[in-house]
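Here is the structure we will look at, set down as structure tokens.
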Amino acid sequence: MICVKARPAADAPCWRQNKEDAMQVQDLMTRTVLTVPPTTPLATLAALFAERGVSGVPVVDEAGRLLGLVTEGDMLRRLAAPAERPRPWYQRLLASAPRQAEEFARIHGRCAQDVMSTGLVTAPPEMPVDEAAALLEKHRIRRLPVLREGRLVGILSRADLMRAMLAPPAEAPDDSPDEAIRAAISQALWQQPWVDAFYIFATVEGGHVTFHGFCRSPAVERALRVLAEGVPGVRGVTMQLSPSPALLPMD
189 MICVKARPAA DAPCWRQNKE DAMQVQDLMT RTVLTVPPTT PLATLAALFA
239 ERGVSGVPVV DEAGRLLGLV TEGDMLRRLA APAERPRPWY QRLLASAPRQ
289 AEEFARIHGR CAQDVMSTGL VTAPPEMPVD EAAALLEKHR IRRLPVLREG
339 RLVGILSRAD LMRAMLAPPA EAPDDSPDEA IRAAISQALW QQPWVDAFYI
389 FATVEGGHVT FHGFCRSPAV ERALRVLAEG VPGVRGVTMQ LSPSPALLPM
439 D
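Numbering (this note's numbering), first residue to last: 189 to 439.
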């Protein structure tokens, strides 16, 4: 049986109490990570990308160790391969056998382990955020798998960094009623497929919820209000949302 797993739900960014401490990857990374086993059929991956609105998914073994990453680009390369023109004989002669074998597996493979990218750039949870951002820029990638002792514990994406820039630090203590409401709303946002959770966050003051960020439709805005009103302790909801910019990446 193919099992698509989601790791424990992530809350909003976990801001450090000591503002003098450097923010680390574990403070911003997304902890709710969809993962698939290496034998997942490509048709299942395509459906997952379409239904969940994701552009990449980590491939892990039974122990949670990262094996690779399948992205929309990997899938598109496989679809486009049959339309490519045959290479000249001299190019085929000069290409190494391992490289040709890898390309053959990617073109004709039927599961995640055949098309996934390996040799990934990764980060430990304790890496400073500025170093992680530099890695994303240097390697021109959109996400960093976060590993602890080889096991996947989260994903840091460019969207997470943007969300951190948008969100103000939380000043309420962790055990306050407002913080409990905010945590419940944040968790609920990540559970809904219609929410661009990377770009929408909530603040709570005196039981009054205010949504900030970007929203792509009035229907989503209405659903956000209904979601917040269903959380115990909420006294009112205010929307301070802007239309989604055309170039805003939806990771």
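Ideal Cβ placement from N, Cα and C applies to all residues, glycine included.
Q. Between Gln388 and the rest of its own chain, which residues show a CB-CB distance below 8 Å, the 5 nearest in sequence each way excluded?
A. Before going on, a small fix: residue 388 reads as Ile here, not Gln. Same-chain partners within the cutoff: Leu377, Phe399, His400, Gly401, Phe402, Cys403, Leu412 and Leu429.
Q) Where Met304 and Arg265 are concerned, what is the direct C-alpha to C-alpha distance, given to the nearest angstrom? A) Their backbone Cα atoms lie some 11 Å apart in a straight line.
Q.
Is it the case that the region 247–255 contacts the region 302–321, given that we only count it when at least three CB pairs across the two stretches are under 8 Å?
A. yes
(Q) If distances are taken between C-alpha atoms only, which option among Ala235, Thr232, Pro226 and Glu260 comes closest to Glu250? (A) Residue Pro226 is the option with its Cα nearest to Glu250.
(Q) If I follow the unbroken alpha helix (DSSP H) through Glu319, where does it start and stop? (A) Val317 to His327
Q) Could you check where the beta strand (DSSP E) with Ser345 kicks off and where it finishes? A) Arg339 to Ser345
Q: Leaving out five residues on either side along the sequence, give the residues of the same chain with a beta carbon under 8 Å from the beta carbon of Ile308.
A: It should be noted that the sequence gives Leu, not Ile, for residue 308. Correct list, in chain order: Leu254, Gly256, Leu257 and Pro333.
**Q.** Ser430 - DSSP class collapsed to helix/strand/coil
**A.** strand
Q) Per DSSP, Glu393 is paired with what? A) His396
Q. Does the distance from the C-beta atom of Ile373 to that of Gly395 stay below 8 Å?
A. Judged by their CB atoms, Ile373 and Gly395 are not nearer to each other than the 8 Å cut-off.
Q.
Just to confirm before moving on: does the CB-CB distance between Gly241 and Pro381 stay below 8 Å?
A. yes
**Q.** Through-space distance from His327 to Val419, alpha-carbon basis
**A.** In a straight line, the C-alpha of Val419 is about 41 Å away from that of His327.
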